[in-house]
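Visitor: Can you read through this structure? Questions will come right after.
Numbering (full-length UniProt numbering), first residue to last: 1 to 159.
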C-alpha cells in the first residue's frame, strides 16, 4: 500500500461521507480490518473500496443517517453516459453540488468523474444494475443543471 492509494481511498471516503473527520475514521477502519485479516487480494484498491463502502453502509444503517431507497431494476434508462460530459461544471459549483447529492450519488459521481469508470464498470463494482447507475447519473445531471441554471440566473440578476 502506498501514499497514492491511500489518497485515492481517502478521496473516495470523502465522497461517501461528505466530511473529512468521518472520512478519516472510515478509511482507518477499513485499513485496520484489512491488516487484521489474512486476505491479500490481487486488486487491493477494489477490495478496500468495497470494504469502505460496506462499512459506510453499515455505519449509516446503524446510525440511521441515510435512507437507502431501492430502485426498480426494470426502470427505463433515461441517460446515456455522454450526457453528463456535455455539462460544464464550474469549480465553485462543485462544493454546492456535493451538498445536494446523497451518498449513493456522490459515490457514482466519484467513480465516474474521478476514477474514470464507465457505467458498466461502476455497476459491476457496486454490484448493481447498469440501469440503476445510469439513473443516478441522470439525477446528478438534473441536479447539476438546476444548480448551474440557478447560478446563472443569480449572476444575471446580480449584474
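Beta carbons are placed, not taken as given, at the ideal position from N, Cα and C, and that holds for glycine.
This one's a predicted model, so the numbers in the text were calculated from it and none came from an experiment.
Among residues of its own chain, excluding the 5 on either side of residue 29, which ones have a beta-carbon nearer than 8 Å to its beta-carbon?
Guide: Translated into the one-based positions of the chain shown, residue 29 becomes position 29. For residue 29, where only same-chain residues beyond five positions count, the Cβ hits under 8 Å are 55.
Visitor: With DSSP collapsed to three states, give me the class of residue 18.
Guide: Position 18 of the chain shown, counting from 1, holds the residue named residue 18. Three-state result, residue 18: coil.
Visitor: Exposed or buried, which one is residue 116 when buried takes at least 16 other CB atoms within 10 Å?
Guide: Translated into the one-based positions of the chain shown, residue 116 becomes position 116. Looking at its Cβ environment, which holds fewer than 16 other Cβ atoms inside 10 Å, residue 116 is exposed.
Visitor: I think residue 14 touches residue 20, with their Cβ atoms under 8 Å apart; what is that distance to the nearest whole Å?
Guide: The residue given as residue 14 occupies position 14 in the chain shown. The residue given as residue 20 occupies position 20 in the chain shown. With a Cβ gap of about 6 Å, residue 14 and residue 20 count as contacting.
Visitor: How many angstroms separate the CA atom of residue 171 from the CA atom of residue 149?
Guide: Any property of residue 171 remains undetermined from this structure, which presents the chain solely from 1 to 159.
Visitor: Could you check if residue 37 is buried or exposed, using at least 16 other CB atoms within 10 Å of its CB as the buried criterion?
Guide: On the chain shown, residue 37 is found 37 positions in, with the first residue counted as 1. Classification of residue 37: exposed, given that the 10 Å Cβ count is below 16.
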